[in-house]
Amino acid sequence: MKVAITFPGCHRRGGVERIVFECARFLAQQKHEVHVYASEWEVDETQTIHYHEVPRVGGPAFLQGPSFFRNATAILKTADYDVLNTHGSVCPAGGVHWAQSIHKAWLERSRQFRPPLSSARVKQALNPAHPLMLQLEAAHFKQRDYKKVIATTPEVKEDLRRLYDVPGSDVAIIPNGFSPTEFNPEKRCALRTRMREEIGLKPDEIALLFVANELERKGYATILSALAQLKDPRLKVLAVGKPDPALIMQEAEKRGVAGQVIACGASQEVASFHAAADVFVLPTQYEAFCLAILEALGSGLPVVTSTVPGARDAILPGVNGALINDPKSGEQLAKALTPFLDRDYRDEMGAKVPETVTQYQWPSVLAKYEVLLLENQR
97 MKVAITFPGC HRRGGVERIV FECARFLAQQ KHEVHVYASE WEVDETQTIH
147 YHEVPRVGGP AFLQGPSFFR NATAILKTAD YDVLNTHGSV CPAGGVHWAQ
197 SIHKAWLERS RQFRPPLSSA RVKQALNPAH PLMLQLEAAH FKQRDYKKVI
247 ATTPEVKEDL RRLYDVPGSD VAIIPNGFSP TEFNPEKRCA LRTRMREEIG
297 LKPDEIALLF VANELERKGY ATILSALAQL KDPRLKVLAV GKPDPALIMQ
347 EAEKRGVAGQ VIACGASQEV ASFHAAADVF VLPTQYEAFC LAILEALGSG
397 LPVVTSTVPG ARDAILPGVN GALINDPKSG EQLAKALTPF LDRDYRDEMG
447 AKVPETVTQY QWPSVLAKYE VLLLENQR
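Take the sequence shown: its letter number 72 is residue 168 in our numbering, and every next letter is one higher.
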């Protein structure tokens with residue numbers, strides 16, 4: 097089978113980008129001919145994968161999505177393939193569309209945390225990216241311009257029905273996954289001492305890992321609030337992701353906890369930071385199915401997150417982590433984190449964590465994805 101996969105990025109430094117990387121790798125391992133159409137990619141040296149550049153305009157970020165849509169559509173119009181797999185509304189229509197998130201649903205949810213006339217609500221209303229994304233999203237779903245839709249959870253499937261009248265028969269549910277060779281407790285144990293030394297963590301310090309490319313939606317401010325309330329100097333936050341380190345530290349300084357935050361920048365070796373950390377923390381406001389949570393659990397790292405669909409799905413409170421109801425509440429997060437200040441509690445839970453997510457390992461997840469592609473060849 098000749099497969100075309102498209103999304104702006106194919107690498108291990110982001111969420112959807114990581115999924116595209118894993119899809120391409122898996123299909124190549126199964127001896128399919130894989131062609132990736134992207135603007136940036138990390139070459140997978142272990143597999144034979146063909147990469148094709150899709151140019152994007154420079155300038156304002158809000159124009160990059162429509163630019164990719166236009167250019168990828170033009171390139172793929174003349175491409176030869178058996179099946180097209182797309183991973184977002186900025187991708188061309190007509191393929192097997194893996195809906196990693198529903199932008200309209202996120203905007204709905206986000207308004208719960210932005211009071212009318214608040215600066216955050218006004219800023220959101222004036223952001224030109226949102227109407228452009230909604231227009232692209234509607235073009236995919238309202239016009240039924242797809243072969244099949246993949247939803248990561250039943251909640252995403254329901255959002256598609258409620259917001260865009262997508263028939264349930266058009267949607268298959270396949271969760272996200274993680275690589276067991278890259279994220280496992282043995283690797284975490286082997287790298288732990290070296291990584292903590294490199295970062296500068298003392299033996300008694302408790303590292304809270306925050307991995308995100310968006311600060312507001314993923315709950316960075318809530319983490320800082322909890323840190324200020326706990327008043328435990330042993331706590332250190334490792335912030336890993338694309339946001340500007342200067343902005344990360346500026347927010348921490350505003351709350352008087354800059355001495356407890358380390359801005360680590362983006363990394364495609366997230367497993368190394370799992371090794372250094374003691375707890376993974378993500379009080380997110382919206383997820384379709386959070387990849388970072390699965391990867392942390394795969395490494396044996398307990399997770400504290402919110403009860404929103406897509407974040408809570410893999411969490412068993414008291415077994416592999418904890419949940420809070422309000423992702424904006426620093427008080428709730430501080431209370432949820434308190435038991436994890438005890439090393440014995442963390443170690444006991446950490447030993448149980450990996451066995452709770454074996455069903456989400458990529459090989460079993462992507463086998464279902466492969467079958468779906470085979471069934472929807474043109």
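C-beta: ideal position from N, C-alpha, C; glycine also. The structure displayed is predicted, hence computed values, not measured ones.
Selection from the options that minimises the alpha carbon distance to residue i
i	options	result
Ala-418	Ile-302, Ala-120 and Val-375	Val-375
Ser-197	Gln-381, Arg-210 and Val-377	Gln-381
Glu-149	Leu-468, Pro-156, Ala-170 and Gly-155	Ala-170
Asn-309	Met-97, Val-112 and Val-99	Val-112
Val-449	Phe-117, Gly-396, Gln-346 and Pro-281	Gly-396
Asp-300	Leu-222, His-131 and Asp-440	Asp-440
Asn-472	Arg-108, Arg-152 and Tyr-242	Tyr-242
Cys-106	Glu-129, Val-99 and Ser-135	Ser-135
Leu-468	Ser-215, Ile-270, Ser-275 and Pro-263	Ile-270
Leu-334	His-370, Gly-273 and Phe-165	His-370
Glu-141	Arg-121, Thr-102, Gly-155 and Ala-342	Arg-121
Arg-114	Leu-222, Ile-295, Asn-167 and Cys-386	Cys-386
Arg-240	Thr-102, Asp-340, His-226 and Asp-261	Asp-261
Boundaries (first-last residue) of the beta strand (DSSP E) holding residue i
i	result
Glu-129	129 to 134
Thr-401	399 to 402
Cys-360	357 to 361
Ala-268	267 to 269
Glu-149	145 to 149
Thr-102	98 to 102
Val-375	375 to 378
Leu-159	Per DSSP, Leu-159 belongs to no beta strand (DSSP E) and is neither H nor E.
Lys-338	No beta strand (DSSP E) contains Lys-338, which DSSP labels as neither H nor E.
Host alpha helix (DSSP H) of residue i (start-end)
i	result
Lys-424	That residue, Lys-424, is in no alpha helix (DSSP H); it is neither H nor E in DSSP.
Val-467	458 to 471
Glu-118	112 to 125
Thr-318	316 to 326
Ala-388	387 to 394
Lys-448	439 to 448
Ala-371	366 to 372
Contacting residues, own chain, Cβ-Cβ under 7 Å from residue i (five flanking each side not counted)
i	result
Thr-144	Ala-124
Phe-209	Gln-381 and Lys-424
Lys-314	Ala-308, Leu-378 and Thr-380
Val-153	Leu-159, Gln-160 and Ser-163
Thr-454	none
Minimum Cβ-Cβ distance from residue i to chain D less than 8 Å
i	result
Gly-406	Absent here is chain D; the protein component of the structure consists of one chain.
Cβ neighbours of residue i in the same chain (closer than 8 Å, five flanking residues each side left out)
i	result
Arg-205	Gln-381, Tyr-382 and Val-404
Asn-421	Ser-402, Thr-403 and Gln-428
Contacts around residue i, its chain only, beta-carbon distance under 6 Å, and the 5 residues preceding and following it disregarded
i	result
Ala-384	Gln-196, Ser-197, Thr-248, Val-252 and Gly-406
Lys-338	Asn-309 and Ala-362
Review point. Which parts of the stretch 179 to 224 are runs of the beta strand (DSSP E), unbroken and 3 residues or longer, counting only runs that do not cross its ends?
Key: 179 to 182 and 192 to 195
Check your understanding: Should the stretch 234 to 253 be regarded as contacting the stretch 192 to 207, the criterion being three or more beta carbon pairs within less than 8 Å?
Key -> yes
**Study point:** Touching by the beta-carbon criterion (3+ pairs, under 8 Å), the stretch 281 to 291 and the stretch 220 to 240
**Key:** no
Check your understanding: Quick one: complete alpha helix (DSSP H) runs, 4+ long, within the stretch 237 to 309?
Key -> 250 to 260 and 281 to 295
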